[in-house]
Amino acid sequence: MEFSLDKLNWTRKPTTYSIQKDKIDIITDSYTDLWQRTYYHFRNDNAPVLQMTTKEKYFSFVVKTTFNSQHRFDQCGVVVYLDSENWLKGSIEYENEEFQRLGSVVTNQGYSDWATTSIDASINSMWYRLSRRDSDFCIECSQDGVHFQQIRICHLQEAKEVIQFGVYACSPEESSFKASFTNLQMLECQWPAHDGQAPD
Numbered sequence: 000m001e002f003s004l005d006k007l008n009w010t011r012k013p014t015t016y017s018i019q020k021d022k023i024d025i026i027t028d029s030y031t032d033l034w035q036r037t038y039y040h041f042r043n044d045n046a047p048v049l050q051m052t053t054k055e056k057y058f059s060f061v062v063k064t065t066f067n068s069q070h071r072f073d074q075c076g077v078v079v080y081l082d083s084e085n086w087l088k089g090s091i092e093y094e095n096e097e098f099q100r101l102g103s104v105v106t107n108q109g110y111s112d113w114a115t116t117s118i119d120a121s122i123n124s125m126w127y128r129l130s131r132r133d134s135d136f137c138i139e140c141s142q143d144g145v146h147f148q149q150i151r152i153c154h155l156q157e158a159k160e161v162i163q164f165g166v167y168a169c170s171p172e173e174s175s176f177k178a179s180f181t182n183l184q185m186l187e188c189q190w191p192a193h194d195g196q197a198p199d
């Protein structure tokens, strides 16, 4: 399956964006976010999401992100957005001048979780590889686009047949920054089948 910018559709457009032959730029709007209920108790579902639709159950999607975020919670990355209560995202969220949070959020049936690790605040670019194996997903990251490390393995209960996947960027507080997405490509699934312990 080939990745084509012509196949992308918006779930909420940002005020300012650009889609070129091999690059997507999003200028984030303030007070945009994706989160559902857990711990913080609020529900935010207004971040711009740009995705394509597929029935393919085994694939990997690769993208390079470059960003100049400088305000708390500014973020951009990969996303599988099915509806307001079922989605996952992998990204870097800016925290302060010392560190950012590299991680993922998985939302099933209206409840989000957040798993992170701290990275240096000077990092302003990251590659992601999102892989699907049926209803299971793996998010990986890389600083060189060659050597990827696992961020998260997860399950989306509503990812049964057709899904949407792509990129997103948002600024949950009063902020705005430019997020650029390049080197977008579809690959055969790079997440191999498990060959260890037999299933129950």
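All the letters of the sequence shown, read from the start, carry residue numbers 0 to 199 under numbering that gives the first Met the number 0. Note that the Cβ used here is the ideal one computed from N, Cα and C, for glycine as well.
Between which two residues does the beta strand (DSSP E) containing residue i stretch?
i	result
LEU49	48 to 53
ARG131	124 to 132
GLU94	Looking at the DSSP string, GLU94 is not in any beta strand (DSSP E), and its letter there is neither H nor E.
TYR167	162 to 169
GLY102	98 to 107
ASP24	22 to 26
Using a threshold of 7 Å, state whether the C-beta atoms of residue i and residue j are closer than that.
i	j	result
PHE147	SER117	no
LEU81	GLU157	yes
LEU87	VAL166	no
LYS20	ASP133	no
ASP24	ALA46	no
PHE66	ASN8	no
ARG151	SER103	yes
GLN189	SER59	yes
GLN142	VAL61	no
THR14	ASP28	yes
ILE77	CYS153	Rather than Ile, the amino acid found at residue 77 in this sequence is Val. No, they are not a contact pair.
PHE136	SER68	no
LYS54	THR181	no
When DSSP labels each residue in this structure, what does residue i get in the three-state scheme?
i	result
LYS6	helix
VAL67	Note on identity: in this sequence residue 67 is Asn, with Val being the wrong assignment. Correct three-state label for ASN67: coil.
GLU84	coil
GLU139	strand
TRP190	coil
SER179	strand
TYR38	coil
THR31	coil
VAL78	strand
ARG11	coil
ASP112	strand
ASN45	coil
PHE60	strand
ASP119	strand
According to the neighbour-count rule (16 or more other Cβ atoms, all chains shown, within 10 Å of its Cβ), is residue i buried or exposed?
i	result
ALA192	exposed
PHE41	exposed
GLU92	buried
ALA197	exposed
ASP73	buried
SER3	exposed
VAL161	exposed
LEU186	exposed
GLY89	buried
Consider the C-beta atom of residue i and the heavy atoms of the ligand FAD; say whether any pair is separated by less than 6 Å.
i	result
GLU173	For the structure depicted, the ligand FAD is absent and the ligand set is empty, with no information on it obtainable.
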